[in-house]
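Participant: Using the UniProt record's numbering, you'd call the opening residue of the sequence shown number 1 and step up by one each time. Ideal Cβ placement from N, Cα and C applies to all residues, glycine included. All of these numbers come straight from a predicted model, not from anything done at the bench.
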Amino acid sequence: MPFYRVTSHNLDRTSLPLIFWVLWNQEFGWSYGQLNNANALNYVGTTVGCILFIPPAVKYGRRSMYLLTTAIIFAMAIWSARMKTLTELYISQLIFGLASATNESIVEMTVRKSYIAKDPTDWCQIADLYFVHQRGSANGLYMVMVMIGSFLSPVIAGYMAANGNWRLCYWITTAVDGALLLYFCFFFEESKYIPRLEAQQLSSEVPTSFPVSKKDNISEIQPGEMSTCVTLETSNAPLHRINSDIPLLTWRQRMRLVTRTDESLLGIVRTAVVILFRFPAVMYTALTYAFCLCWISAQASIISIVFTQPPYNFGTVGVGNMSLGVFIGCILGSAYGAVSDRVILWFTRKNYGYYEPEMRLQLNHFPAVCMSGGFVMFGITTAKQQGMHWIYPSIGSAIFGFGLGGLSDVALCVTIDSYQAITGEAFIGVAFMRNAFSIAISFALVPWLDAQGLQNMTIVMGLWALAMAFLHVPMMIWGKRIREKTEASYKRMATGTRV
């Protein structure tokens with residue numbers, strides 16, 4: 001599916017430069033603080049891109065935004081392969097981030113059903129294509145694609161750049177980007193759909209109620225009497241009829257660049273902000289997902305800075321291979337979503353057949369402890385004076401990755417299950433929050449590391465991660481009451497009255 005390809009490829013824009021830090025430090029003399037600032041600028045670009053590209057995608061269609069951003073990524077890959085100055089690195093990473101915003105939000109977005117057809121090539125249709133007890137598995141598959149781009153591509157890049165030729169990696173990604181752009185040009189169809197409504201006004205002669213039997217009135221049942229069951233005869237005619245007179249769209253129509261509707265660009269942004277702060281479940285997802293990926297960013301930067309220095313002295317191969325531990329852990333954690341699908345069926349049966357989104361949160365205790373504990377283990381074993389064997393930080397990374405994958409999967413499901421009709425707008429705010437926190441941690445990492453040292457810094461981060469990971473506990477206690485109190489607001493937004 002195209003969106004899986006975009007997900008796995010766009011995310012290597014952040015992880016690939018981290019592998020080359022050791023080479024750039026030797027070749028250009030750029031400090032690790034300067035290189036870390038370039039990483040932060042990538043997150044700045046993605047944060048701004050969520051606002052810059054997502055509203056036009058809602059108003060004018062997704063195809064045009066995918067083509068535009070893929071073309072930008074293609075151009076930036078060429079520029080990165082030829083760059084020679086720190087300024088070029090800063091600008092290219094900023095623009096990379098802007099273009100990668102399509103991966104952050106459009107893929108995760110479900111806009112109003114009256115405007116968008118169900119398109120199976122989009123993760124955004126998880127809420128439409130999958131039953132409640134399948135969404136954990138679907139989200140897990142999405143997270144697997146995220147982890148492939150984040151952690152597996154650096155391993156490959158590390159081996160490719162082992163001889164110091166980091167430019168070759170960018171030329172190869174340029175070729176892949178070019179092929180992806182051609183695919184999008186000729187095969188990626190516009191999924192935005194504007195239905196033609198042919199409803200007629202109800203005639204004044206038509207009764208507003210209909211008898212269910214030959215008698216128009218129902219006699220009152222006296223105490224002790226048995227009520228008579230009324231059987232309705234049904235026709236064998238199909239419930240849905242396809243009008244063959246309506247022609248299918250031509251190839252040119254399916255490949256149109258603009259599919260305009262009457263949304264306000266500012267209104268879309270305003271709605272996303274209102275949803276983020278009005279519905280606590282959405283804020284819970286935003287904070288959990290943001291901090292999970294915030295710790296990923298911190299760990300990746302720590303690996304690129306610490307493991308290239310004594311006592312490890314890793315090159316690109318060693319730095320890339322350090323991503324395998326967290327990758328394996330995240331894959332196992334993503335499978336946690338399938339476990340949650342099975343468990344909620346059991347909880348639902350115990351609840352007399354009624355499902356509540358908060359049921360998934362009961363599984364979050366274990367991954368919450370794993371994420372924070374694994375991160376602390378990674379930091380302490382790395383910070384030892386003589387440096388412990390690299391397998392110990394890798395084990396800590398795997399435990400950290402398992403917790404991260406499980407928490408992220410369940411957090412995404414909670415918003416989809418709680419507010420399915422406005423999931424698209426909700427994920428605009430979630431993506432914005434996710435990158436905003438990564439900006440902060442990226443800019444603060446090197447000064448923090450210099451001030452406290454690696455061990456103390458990772459312990460503080462681990463305790464912080466533990467506190468944020470247990471945000472699900474208040475949602476377990478008060479989540480249902482909150483949903484009841486926000487029901488009126490949700491219904492207004494779901495039916496089109498957005499704020």
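Does the segment 462 to 474 touch the segment 286 to 304, meaning 3 or more C-beta pairs lie closer than 8 Å?
Facilitator: yes
Participant: What first and last residue would you give for the alpha helix (DSSP H) that runs through Ala-411?
Facilitator: Membership of Ala-411 in the alpha helix (DSSP H) is indicated by the continuous run 391 to 418.
Participant: Thinking Leu-329 and Ala-398 are a contact (beta carbons under 8 Å), I'd like their distance in whole angstroms, please.
Facilitator: Checking the displayed sequence, the identity of residue 329 turns out to be Gly instead of Leu. So it is a contact: roughly 4 Å between Cβ atoms.
Participant: Which value, in whole angstroms, describes the spacing of the CA atoms of Val-206 and Glu-263?
Facilitator: At Val-206, the pLDDT of 46 sits below 50, so the modelled position is not reliable; the number obtained from the coordinates is stated separately. Rounded to whole angstroms, Val-206 to Glu-263 spans 36 Å at the Cα level.
Participant: Check whether the Cβ atoms of Leu-257 and Ser-80 lie closer than 7 Å to each other.
Facilitator: For Leu-257 and Ser-80, no; Cβs fall outside 7 Å.
Participant: Rounded to a whole number of angstroms, what is the C-alpha to C-alpha distance between Phe-177 and Thr-70?
Facilitator: It should be noted that the sequence gives Asp, not Phe, for residue 177. Distance between the alpha carbons of Asp-177 and Thr-70 is about 7 Å.
Participant: Am I right that Tyr-419 and Ala-281 are in contact with their C-beta atoms under 8 Å? What's the rounded C-beta distance?
Facilitator: 7 Å
Participant: Among Ser-31, Gly-479, Met-147, Ala-77, which one has its Cα closest to the Cα of Asp-409?
Facilitator: Met-147
Participant: For Ile-246, name the three-state secondary structure that DSSP assigns.
Facilitator: Of the three classes helix, strand and coil, the one that applies to Ile-246 here is coil, per DSSP.
Participant: When you compare only the Cα positions, how much space is there between residue 501 and Gly-401?
Facilitator: Residue 501 falls outside the range modelled here, since the chain spans only 1 to 499, and no answer is possible.
Participant: Give, in chain order, every unbroken run of the beta strand (DSSP E) that is at least 3 residues long and sits entirely within the segment 333 to 379.
Facilitator: none
Participant: Rounding to the nearest angstrom, what Cα-Cα distance links Ala-127 and Ile-416 in this structure?
Facilitator: Its pLDDT being 43, under 50, Ala-127 is placed unreliably by the model, and nothing is read from it.
Participant: Going by other Cβ atoms of all chains shown within 10 Å of its Cβ, with 16 needed for buried, is Trp-346 buried or exposed?
Facilitator: exposed
Participant: Are the segment 438 to 450 and the segment 32 to 41 touching by the rule of at least three beta carbon pairs closer than 8 Å?
Facilitator: The segment 438 to 450, when compared against the segment 32 to 41, does touch it at the 8 Å Cβ threshold.
Participant: When the Cβ atoms of the segment 344 to 358 are set against those of the segment 424 to 443, are three or more pairs found closer than 8 Å?
Facilitator: In this structure the segment 344 to 358 does not lie against the segment 424 to 443, because fewer than three pairs of beta carbons, one per stretch, are closer than 8 Å.
Participant: Suppose you measure from the CA of Ala-162 to the CA of Phe-314; what does that come to, to the nearest Å?
Facilitator: 11 Å
Participant: Tell me, to the nearest whole angstrom, how far the beta carbon of Tyr-336 is from that of Pro-310; I am working on the premise that it is less than 8 Å.
Facilitator: So it is not a contact: roughly 38 Å between Cβ atoms.
Participant: Mapping DSSP to helix, strand and coil, what is Pro-311?
Facilitator: coil
Participant: With distances taken between CB atoms, is the gap from Ala-77 to Thr-14 smaller than 7 Å?
Facilitator: No. Outside cutoff.
Participant: Could you tell me which of Thr-259, Asp-450, Val-369, Phe-53 sits nearest to Leu-68, measuring between CA atoms?
Facilitator: Phe-53
Participant: Could you pull out every residue in the same chain whose Cβ sits closer than 8 Å to the Cβ of Leu-181, ignoring the five residues on either side in sequence?
Facilitator: Leu-67, Thr-70, Ala-71, Phe-74
Participant: So what does DSSP say about residue 526, is it helix, strand or coil?
Facilitator: The displayed coordinates of the chain run from 1 to 499. Any statement about residue 526 would go beyond what the structure contains.
Participant: Cβ of Val-146 versus every heavy atom of the ligand HEM: is any distance shorter than 6 Å?
Facilitator: Looking for the ligand HEM in the displayed structure turns up nothing, as the structure carries no ligands at all.
Participant: Can you list, in chain order, the residues of its chain whose CB lies under 6 Å from that of Gly-49, leaving out five sequence neighbours each side?
Facilitator: Leu-98, Ala-101
Participant: Please determine, among Thr-458, Thr-47, Gly-29, Glu-27, the residue with the shortest C-alpha to C-alpha distance to Phe-437.
Facilitator: Of the listed residues, the one whose Cα sits closest to Phe-437 is Thr-47.
Participant: When you compare only the Cα positions, how much space is there between Ile-331 and Gly-405?
Facilitator: 7 Å
Participant: Going by other Cβ atoms of all chains shown within 10 Å of its Cβ, with 16 needed for buried, is residue 507 buried or exposed?
Facilitator: Outside the shown range of the chain, which is 1 to 499, sits residue 507, and nothing can be said about it.
Participant: Given this structure, state the Cα-to-Cα distance separating Ile-428 from Ala-272, to the nearest angstrom.
Facilitator: If you take the alpha carbons of Ile-428 and Ala-272, they lie about 6 Å apart.
Participant: Taking the Cβ atom as the reference point for each residue, do Ala-411 and Thr-316 lie within a distance shorter than 7 Å?
Facilitator: Taking 7 Å as the cut-off, the beta carbon of Ala-411 is found no closer than this to the beta carbon of Thr-316.
Participant: At the level of alpha carbons, what is the spacing between Pro-55 and Arg-270?
Facilitator: Inter-residue distance for Pro-55 and Arg-270 is about 10 Å (C-alpha atoms, whole angstroms).
Participant: With H, G and I counted as helix, E and B as strand and the rest as coil, what does DSSP make of Phe-74?
Facilitator: helix
Participant: Considering only the alpha carbon of each residue, which of Gly-33, Tyr-43, Phe-28 lies closest to Ala-290?
Facilitator: Tyr-43
Participant: State the Cα-Cα distance for the pair Leu-287 and Thr-87, rounded to the nearest angstrom.
Facilitator: 32 Å
Participant: Could you give the C-beta distance for Ala-298 and Met-461, rounded to a whole number, given that I count them as a contact under 8 Å?
Facilitator: That pair is a contact at about 6 Å.
Participant: Thinking C-beta only, is Thr-85 closer than 7 Å to Phe-279?
Facilitator: Using a Cβ distance threshold of 7 Å, Phe-279 and Thr-85 do not count as a contacting pair.
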